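In the numbering used here, the protein residues as written are 91 to 934.
All C-beta atoms in this analysis are idealised placements derived from N, C-alpha and C, irrespective of residue type, glycine included.
Note that the coordinates shown come from a computational prediction; the quantities given were computed from them, not determined experimentally.
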Amino acid sequence: MKQLFTILFSLFVSNYIIAQNWVKYDVSNQNIISPIGNCYKLSNGLIDSIDLDCASTIQAMEFALIKNPSLQEFEMQEILQYYPNLKTITFKFNSNIDSISIEELPEQIKYLNISNILNKSAFISINGNGIDSMSISTNSRDLYTYQLPENLKSIFINNAYFSTGMSSDTLNVNMTEWPKNLVTFLSERTLAYCNETLPASLQNFGTRYTLENYVFINQLLNKNKNLPNFNLLTLYSNNDYDEFDLSLINHIKRLSIAIPENHILGDGFLGVTDFPKNLEYLKIDKINTDFEISNLMSLKTLHVNQPFFKIENLLSTLPTLDTLRLSNISSASLPPLPTQLKHLQLSQMPNLSCIPSFPNTMRSFEGDQLGNVQCIPNETPWIKSTEEWPLCTDANKVCNPLDQMMVSGTVYIDVNNNNVIDPEDIIARDIVVEANGVYSSTFKDGQYHLILHEPGTYNLELHANYDNVLSITPANAQAIVNTNQPNDTIDFLIQLKNEVDVEIIGTNSVARPGMNTQLSVFVKNRNVLPALNSTVKILYPSSWTGINILPSGYSISNDTIIWSNISISSFGSENFGLSGTLPPTATILGDEYQYEMWVENEEDVTPENNYYSITDTIIGSYDPNDKIVNYSSLSPDLSNTAELIYTIRFQNTGTDTAFKVVVIDTIVGNLDPTSIRIIGSSHDFEWDFTGQGIATFVFDNILLPDSNVNEAASHGFVTLAVRPNQDLAAGDSISNRAGIYFDYNEPVITNTASTKITTVTSIYTRSSIPLSIYPNPAKNQVRVEWNTTEPAILRLADITGKIITTKRLSNGFTEINVSQLPKGIYIIQLESGQDMAVSKLIVQ
């Protein structure tokens, strides 16, 4: 051990590096200065022993060399046996040398730094197959690189000549051969005069303080303008020149330009025609001259550090901008932000007095030293108010006063039906409020906020979407907003009939052979009265294995799971569900699978929503992020009464936990935005309904594991109900899809869930499909037979036209369990290709 450190001389630790990750050997001095704790044992000022556990944490070393050594004398391999995690080595020279030759560095060394080269000319040769990045800092005027590591990906060369006051000349770098896989070449006060043909792999090229060499730069750009991967150019200057011809590199995607504050570019340097048209990233740093940025149709990121930058008419000309960083801008206000902006960073803007409203796409905001602005104008699904950044209550703190024009209020349920808001009343959440085609929904505190943007008089309407509404007060409300009166407040009161109304709806995960699948069932009380003594039933999936049933307290009778004596509180919901594994038999692919569920309550006045069924297809591979709907087709008559149940399903198929999931669904087309209501979900969420019908569901802190870690828990969903527009005609269609955002990633767009409006034959008439139903009337099982070999769709509806169940059929018969249906008249409709048959069924 002593022999090793006799060779290495002595050690000291830099006081600005985190302890136990960096060690420095000083070859010029045998005295030890500040060892790391008790990592090294000292005896008479010399190293006596080393704590190997401590040494195993060391990741970087610096060797300070006073002469031009043969570096092999350091016996690097012997050093590394004590430092298994060493990745970075620095050689610092404190005397004049004219050549550096480093041979056979071990492959574990990934980063090499050579600094303080003092000779006017220096020759460098490096061999180390593991090195993928390195930096060279020199006071020399000429640097010759005879050999660089074969696998080198990144190199930074810095000329420290200016700091010595010796000369203002730039460093001439003579590249005899570029590393063939080089991706990044950055330099300061440096030019590569030899071998001007850059490697084809080069993506990032940067120069600093070289505008006095504009002739060479233009030559270099011209020679390499067709590099396939060349997408970054960084130009810095300390002189007043205007001769850069950026049109030579019109294909580049990234550009950064910076000028020191005391220098001014000529008028011809920058103009609207000078910027490469394919730019995706542009950084402007302190260019003290007027210039324009416009018509950059691909620009995604703009970073401006410019006191006199004119931003007023800029943002509207950048249709793809998603990241905006502004600093040192002298403006007192900012224009409206692009509607697609995702990230905004503002700093050091002492004159700023307001912030523009955030578009709904905004995912992050950072603000520092923003004058007198200490609030955010609004929230988005990703940006929420905090103690540091509360919502603005002063309209003057929002740049566009029209963005603060809003109508807000609270919606209550009139518990005692006295038509007066009093302490006994309860808040109503998830209720839609409309003002001239602009929508909002009530939050969990019963409040709504309609942002209107335009002054005027608005007619407000509340859409309760309950079947037993007695009255809404006020029935007709008007709100007046303008710049002098930006806010108005209107509360609503809903009276409901004193009736019991329970509803059952379910949704399922994808059915795959041999895989886990889930059925989620929601039983909702749609009135203020508690729903007592309810019974919930789910058909038992006999072919599943490993079945788990929730909650406990159930019984099983024949093929039915039963929960008895269920009480559901006012507007409450109880969740039930099954999970299990489908048979792994591959032959069941494409078969239909049906789930059936009931809720029974003797006092329920709307039995038509007490039964629900789901028909699904067993599949193999699939897209886990999808959208499904309960009806693939509807007749024009049924479309006036039916409710479309949509389920948006998602799965984290990434490589890490998803902390937030945001689902955005725009209710457009032939859907009625006022009819939206929330059924249930896999996880807790908050939702908002804004603008012209944008439903946003935010699963905050969902902690959804990735599918590789926990496949069963990596799934989630949200289920909602929407009615079609009235008076749809045959041939119309209803299409809807959603966007799913995992954390800050780009959205996953689901498939389009479609429902067609189709013409059916008259009820009780028969087309070319022979159809028989028996027994009829029936009490328990009904057998339906038909004489066709074509695939068919069977629908069972009540007399009002509401679809109760749908089956996709491939055989010539099926059976329907009607034992849980209320007594009455029902309709059976069979559709096969262009043919359709409709018949009547009586349930006794």
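Asked	Found
Using the three-state DSSP reduction, which class does Pro159 fall into: helix, strand or coil?	Reliability of the predicted coordinates at Pro159 is poor, the pLDDT of 45 falling under 50, and the value obtained from them is presented with this limitation in mind. Pro159: coil per DSSP, three-state reduction.
Ser862 by DSSP, collapsed to three states: which one?	strand
What ranges does the beta strand (DSSP E) occupy inside the stretch 215-273, keeping only unbroken runs of at least 3 residues that lie completely in it?	223-228, 232-237, 244-249 and 261-265
Hey, could you find the ends of the alpha helix (DSSP H) Asp925 is sitting in?	Taken as a continuous stretch (DSSP letters only), Asp925 belongs to no alpha helix (DSSP H), being part of the beta strand (DSSP E) at Asp925 to Val933.
Mind checking Met151: buried by the 16 CB within 10 Å criterion, or exposed?	buried
Classify Ser610 as helix, strand or coil using the three-state DSSP reduction.	strand
What are the boundary residues of the alpha helix (DSSP H) that includes Ser729?	Pro726 to Ser729
With 16 as the cutoff for other CB atoms within 10 Å, does Thr745 come out buried or exposed?	exposed
Assuming Tyr712 is part of the beta strand (DSSP E), what are its boundary residues?	That residue, Tyr712, is in no beta strand (DSSP E); it is neither H nor E in DSSP.
Where DSSP assigns a beta bridge to Pro814, which residues make up the other side?	Leu761
Is there contact between the stretch 709-718 and the stretch 833-844, where contact requires at least three CB pairs shorter than 8 Å?	yes
Do Thr563 and Gln537 come within 9 Å of each other at the CB atom, strictly closer than that value?	no
Please report how far the alpha carbon of Gly643 lies from the alpha carbon of Thr896, in whole angstroms.	30 Å
Inspect the beta-carbon positions of Asp591 and Ala621 and report whether they are closer than 9 Å.	yes
Going by other Cβ atoms of all chains shown within 10 Å of its Cβ, with 16 needed for buried, is Glu690 buried or exposed?	buried
Skipping 5 residues on each side, what residues in its chain have a beta carbon closer than 7 Å to that of Phe775?	Phe787, Val788, Phe789 and Val808
Is it right to say Glu240 is buried, meaning 16 or more other beta carbons lie within 10 angstroms of its own, or is it exposed?	exposed
Buried or exposed, going by whether 16 or more other CB atoms sit within 10 Å of the CB of Asn321?	buried
Have a look at Asn826 and Ile708 and give me their C-alpha separation to the nearest angstrom.	23 Å
Only counting the same chain, and skipping five residues up and downstream in sequence, which positions put a Cβ closer than 7 Å to that of Thr904?	Val874, Leu884 and Lys897
Looking only at its chain, what residues have a beta carbon closer than 6 Å to the beta carbon of Trp653, apart from the 5 residues adjacent to it on each side?	Val626 and Tyr644
Taking the alpha-carbon positions, what's the Leu310 to Thr297 distance?	12 Å
With distances taken Cα to Cα, identify the nearest neighbour of Leu542 among Thr266, Leu911 and Gln782.	Gln782
Looking at Leu233 and Ile214, is the spacing between their C-beta atoms short of 9 Å?	yes
DSSP puts Met496 in a beta bridge; with which residues?	Ile541 and Asn577
Looking only at its own chain, which residues have a Cβ that is under 7 Å from the Cβ of Ile639, when we skip the five neighbours before and after it?	Ile651 and Leu668
Which value, in whole angstroms, describes the spacing of the CA atoms of Val838 and Asn229?	52 Å
Does Asp694 pass the burial test, meaning 16 or more other C-beta atoms within 10 Å, or should it be called exposed?	buried
Have a look at Pro513, Thr178 and Asn262 and flag the residue whose alpha-carbon is nearest the alpha-carbon of Ser211.	Asn262
Using 10 angstroms around the beta-carbon of Tyr702, count the other beta-carbons present and answer buried if the total reaches 16, otherwise exposed.	buried
If I measure Cβ to Cβ from Asn418 and keep anything under 6 Å in the same chain, skipping five residues before and after, which residues do I get?	Asn395, Pro397 and Gln438
Which runs of the beta strand (DSSP E), 3 residues or longer, sit entirely within the stretch 368-430?	371-375, 391-395 and 413-417
Considering only their Cβ atoms, is the gap separating Pro763 from Val522 smaller than 9 Å?	yes
Just mark Gly914 as buried or exposed, buried being the case when its beta carbon has 16 or more other beta carbons within 10 Å.	exposed
Work out the CA separation of Asn901 and Val928 for me, nearest whole Å.	18 Å
Roughly how many whole angstroms lie between the Cα atoms of Asn615 and Asn558?	12 Å
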